[in-house]
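Here is the structure we will look at.
There are 2 protein chains.
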Amino acid sequence: MALEPVLIAGEWRQAANPAGSFAAIDPSTGKTLPEAFPVSGTEDVAAAFRAAADAVVALRAVPVENIARFLEDYAARIEAGADALIERAARETGLPQSPRLRSVELPRTTNQLRQGAAAARDRSWCVATIDTRANLRSYYGPLGGPVVVFGPNNFPYAFNSVAGGDFVAAIAAGNPVIGKANTGHPGTSRLLATLAAEAARAAGLPPGMVQLLYRTPPDVGFQLVSHPSLGATGFTGSKNAGLKLKQAADAAGKPIYLEMSSTNPVFVLPGALAERSAAVAKELFDSCAMGAGQFCTRPGITVVPGGAHGEAFITELARLFAAGAPGTLLGPAGATSIAAALDELVGSGARVVAGGHAVAGDRAAFEPTLLRVPATTFLAKPHALQTEAFGTVNTVIVADDVAGMTAVAAALEGNLTGCVYSDTTGKDDAAYAQLEPVLRGKVGRLLNDKMPTGVAVSPAMNHGGPYPATGHPGFTAVGVPASLLRFAALRCYDAVRPHRLPPELADRNPTGKMWRLIDGAWSQQDIAG
Amino acid sequence: MALEPVLIAGEWRQAANPAGSFAAIDPSTGKTLPEAFPVSGTEDVAAAFRAAADAVVALRAVPVENIARFLEDYAARIEAGADALIERAARETGLPQSPRLRSVELPRTTNQLRQGAAAARDRSWCVATIDTRANLRSYYGPLGGPVVVFGPNNFPYAFNSVAGGDFVAAIAAGNPVIGKANTGHPGTSRLLATLAAEAARAAGLPPGMVQLLYRTPPDVGFQLVSHPSLGATGFTGSKNAGLKLKQAADAAGKPIYLEMSSTNPVFVLPGALAERSAAVAKELFDSCAMGAGQFCTRPGITVVPGGAHGEAFITELARLFAAGAPGTLLGPAGATSIAAALDELVGSGARVVAGGHAVAGDRAAFEPTLLRVPATTFLAKPHALQTEAFGTVNTVIVADDVAGMTAVAAALEGNLTGCVYSDTTGKDDAAYAQLEPVLRGKVGRLLNDKMPTGVAVSPAMNHGGPYPATGHPGFTAVGVPASLLRFAALRCYDAVRPHRLPPELADRNPTGKMWRLIDGAWSQQDIAG
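So the sequences go chain by chain: X and S.
What the first sequence shows, in our numbering, is residues 739 to 1267, in sequence order.
What the second sequence shows, in our numbering, is residues 739 to 1267, in sequence order.
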């Protein structure tokens, strides 16, 4: 059987000496889908880097307007091709066509592409900084090498290696992308890359601007993240895979941005429990169950004070979990992985109070599962009891009081998010003041009275956080234009003659609207000659 | 003999179970100075991290105004104590008291401290970003753990672990600092830390705000950069030491910013050679000889076209190098290290055309040394021929033409700086257009007709560059406020109640002047209620 082609140097071609092949699986039936995709070896990687290096050179003569047009045209092509994309992604991931894929994720993806286009055109993202007295001018520019993007299994569009947030950020910052598809949805990735390649050609971008490989053996993956001509890597996926890639990238001195794992703790303060326990339980369950719990921002830990209110909250939550319909997981490995995580949690002292088993049959599914554990037990084994179970699974940690809840916060690993629910009339303010400084240091995004599962694409978003949620606490994977800075190098021009400056640093504001930091003040003006 | 005390938790105390002791050496005489300093073991490291963790907690209640006052008061104390500082640093480093230490480096250091104070007070550095519609607000805040600073040997004040650029950046961003003194000037570091501790106490900062160790065995150094409660590390020093520390920090998921090595290539285009060969040679020699060539931005490679003009340039340069007085090196190891680097360069095909030997006697010194090598030889062994010789040493690479010069640029490793000299009337513009895009990707700061040795403390400075000049191409070690972002974490507030927001993110502008990015526009205004 012929293997599906890879996209290298603007051409769909057969993988050179593939190291094997694989197929996607429909998680709703357990059946293997017909197309066979190649596992790429070193030759494909070398060819992709050669084409990317050519693209880096060619891009020097390409106006940013073409990059913006590419992103917009690509968004339009995704909308025009939505039916095929939705059908394919639903088959490969088990995610509902509607509303999830059609009304939520696809519009989010095209919105990101258009925000990236706006950022590329606007150019304010590059933080042009000009010291007129010293005649020093600096800004963020492309890395000078391609960005390799590893997409996760849980967002076939919005985090796809050739369409998602890292892709948009890398392209908008002026870098070519080598996409490493998630092996769960290779067909969706192929459809997207087809549209991307067409849009890139139409916009006059070089053939190596967008490339796609589906899978590599581990050692070839290490080559991807450590290649001498690489700019940087963006990775979203498991901590296990992420840390191995990080080791290879670090040894080569190549930046790698990792979004790896997060238990997204939710703290419910005593007053909130007294005031609206059932409502919080409902919000929490809905947030845990969304997308069958396979969101990086799904709450995996809840921290409550014990006593009558705490017990009532857990009882209500257990009722919701027990009554919840098990969603289809993204792949057959999902249930095995959840079961292994539960073994670790239960083996460390947590107790299952709802669910706990895989759903029998061909469909990949696991019962919504609630566990509980005393804070004292958690504090004795904080590492094991933060094992991420990627599904509708939540562990309620029961503390004696707010001091105990704060001690739990102090024992948390780095997380993407942390939520605090408190009484609406201010009764919890003292407790909040005790807890917040500790929790603040553990999370990238702190929420009040709100679940973390929605990640708005906003300039003020932080989809990042302290290690091991990510690899660096200063960067966000979501939010334009901040996410672009991951894929940019700081470039300074010292006494460079005016006609040799890039337009972003010239006296004349290149768009008339670009924000630049001129002699300490942000301005959209030209510099007086 | 009693050992000099370390500074831990605000107290000068004897090192606990020191792993040994060492003394500084006066490089102008080769004589050991009288004071003995301890080599700290794990107990000192643990105690310093405990005090730093306490400081992180205490700092939550300290207004930024106190941090600003501390930095200003510290600068004033350095000025008041200048005589003792200058006498001590001159003895430990061999650097001239005047003008270098008194009129250049000390004022630069106090200027950096005052710029840090202004940045802390102004708060614009933290890039407060507010999306009023989504009610998302984010900014950069302290790391939640101390910053360990390793100072280099070549700037006893301006890059000192308890007074220099990394120190200022870490403190101004709100983090405590654990200084690891350079072992070349422990006495200078002790004097500075004494002033810093007094100023910190006077400003009401916690006792763990500034701490000082002098030296550690390598394994204890790895503990410093990988400690669980560490925020990040700033390191300036050798590539060899930096890469080992990077490995330990990377494995622990701890950010480390390294400024390691750079040959700072200077390209002299044909027209510039024809126009002002002797003047460029003079500028180049002066830049190479400044501080006995021990600057991270000292030009180590010059690239010229061959032919009559090129040969005349080399002849003039050789004359200047041969006539140059050998400056005193920072320590006795300096001459050995230069000799080893020359062996590598000569063994790889470079030829010595001036100098080449250590100066006989007790003073640490090496003759100004010029080498030459054909571009074809360089391109055959580009790695070995970029070996850094930390002194007044320069290798002239002779290319056939501009294409050959560009090929040399393409074979360069990452550098802090790169300079291009060109004809003043525009005759070199085509050559510049050919060379610049290649060189641009290899350097953090690109200069025209100017040597790189001066590093202005400006918001538009980039004292950084691609690996292995530094560990990350997106950050600068010099320049306030940009250098602060290395020591900051991105913190997002999602629907957090208004009275719980940090002042930087409240509707009301906390200073009336702080720049904030509100709904896509930079503003110093309040947000309308």
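We treat Cβ as the ideally placed atom computed from N, Cα and C, and that holds for glycine.
Using DSSP with H/G/I as helix, E/B as strand and the rest coil, what is residue i?
i	result
T1035 of chain S	coil
F1128 of chain X	coil
I763 of chain S	strand
W750 of chain S	strand
W1253 of chain S	coil
G758 of chain S	strand
T1155 of chain S	strand
E1082 of chain S	helix
L1022 of chain X	helix
K977 of chain X	helix
F897 of chain S	coil
I1076 of chain X	helix
E1105 of chain S	coil
V802 of chain S	helix
For residue i, which residues in the same chain have their Cβ closer than 6 Å to its Cβ, ignoring the five residues on either side in sequence?
i	result
S766 of chain X	G832, T1066 and R1101
A1079 of chain X	T1125 and A1127
W863 of chain X	A857, P1219 and L1222
T1107 of chain X	G1093, G1094 and V1131
K769 of chain S	none
P894 of chain X	A827, T831, H923 and T926
L1255 of chain S	T867
E1268 of chain S	Chain S is shown from 739 up to 1267; residue 1268 of chain S falls before or after that span and cannot be answered.
To which residues of the same chain is residue i closer than 8 Å at the C-beta, ignoring the five residues directly before and after it?
i	result
S899 of chain X	V887, F888, G889, F905, V915, G917, K918, A919, N920, S927 and L950
A1019 of chain S	F1051, E1054, L1055 and L1058
G779 of chain X	A753, A754, N755, P756, A757, T954, P955 and V958
V800 of chain X	G942, L943 and P944
R1089 of chain S	L1109, R1110 and V1111
Compute the distance between the beta-carbons of residue i and residue j, then report whether it is under 7 Å.
i	j	result
A793 of chain S	G946 of chain S	yes
G1117 of chain S	A1149 of chain S	Rather than Gly, the amino acid found at residue 1117 of chain S in this sequence is Leu. Cβ distance < 7 Å, so L1117 of chain S and A1149 of chain S count as in contact.
Y952 of chain S	F1225 of chain S	no
D860 of chain X	A1010 of chain X	no
T728 of chain S	V1134 of chain S	Chain S is shown from 739 up to 1267; residue 728 of chain S falls before or after that span and cannot be answered.
S876 of chain X	T867 of chain X	yes
V1146 of chain X	A1113 of chain X	yes
Keeping to the same chain, check which residues put their C-beta closer than 7 Å to that of residue i; ignore five residues upstream and five downstream.
i	result
V1216 of chain X	G903, V1193, V1195, M1199 and H1201
I746 of chain X	D782, A785, A786, A789 and Q949
I909 of chain S	I805, L809, G854 and V915
Distance, Cα to Cα, residue i vs residue j?
i	j	result
L874 of chain X	V865 of chain S	21 Å
L741 of chain S	D1245 of chain S	54 Å
R1057 of chain S	G1152 of chain S	30 Å
V1097 of chain S	A1073 of chain S	8 Å
G1044 of chain S	N978 of chain X	54 Å
A1276 of chain S	A806 of chain S	Lying before the first or after the last residue shown, residue 1276 of chain S is absent from chain S, which here runs from 739 to 1267.
A796 of chain X	A941 of chain X	13 Å
I1076 of chain S	G1129 of chain S	7 Å
C1157 of chain S	L1184 of chain S	6 Å
L983 of chain X	H1121 of chain X	22 Å
I824 of chain S	A896 of chain S	13 Å
L771 of chain S	P834 of chain S	18 Å
L1123 of chain X	L930 of chain S	46 Å
E1021 of chain S	P1037 of chain S	11 Å
D821 of chain S	R838 of chain S	14 Å
Problem - Cβ-based contacts, 9 Å cut-off: residues of the region 1211 to 1223 of chain X near chain S - result: P1211, G1212, F1213, T1214, G1217, A1220 and L1223
Exercise for the section: Pull out every residue of the region 796 to 809 of chain X whose Cβ sits closer than 7 Å to any Cβ of chain S, in chain order. Expected result: R798
Exercise for the section: Please name the residues in the region 859 to 872 of chain X whose beta-carbon is closer than 7 Å to at least one beta-carbon of chain S, in chain order. Expected result: T867, I868, D869 and A872
Handout entry: Under 7 Å (Cβ pairs) to chain X, residues found in the region 1011 to 1041 of chain S
Key = none
Exercise for the section: Using a Cβ-Cβ cut-off of less than 9 Å, list which residues of the region 1247 to 1265 of chain X approach chain S; keep chain order. Expected result: W1253, L1255, D1257, G1258, A1259, W1260, S1261 and Q1262
Exercise for the section: Could you name the residues of the region 1190 to 1208 of chain X whose beta carbon sits closer than 8 Å to any beta carbon of chain S, in the order they occur along the chain? Expected result: P1190, A1194, S1196, P1197, A1198, M1199, N1200, G1202, P1204, Y1205 and P1206
Exercise for the section: Using a Cβ-Cβ cut-off of less than 7 Å, give me the residues of the region 1142 to 1167 of chain S that come near chain X, in sequence order. Expected result: none
Exercise for the section: Compile a chain-ordered list of the residues in the region 987 to 1001 of chain S whose CB is closer than 7 Å to at least one CB of chain X. Expected result: D988, G991 and P993
Exercise for the section: Closer than 8 Å, Cβ to Cβ, to anything on chain X: give me those residues from the region 896 to 920 of chain S, in chain order. Expected result: none
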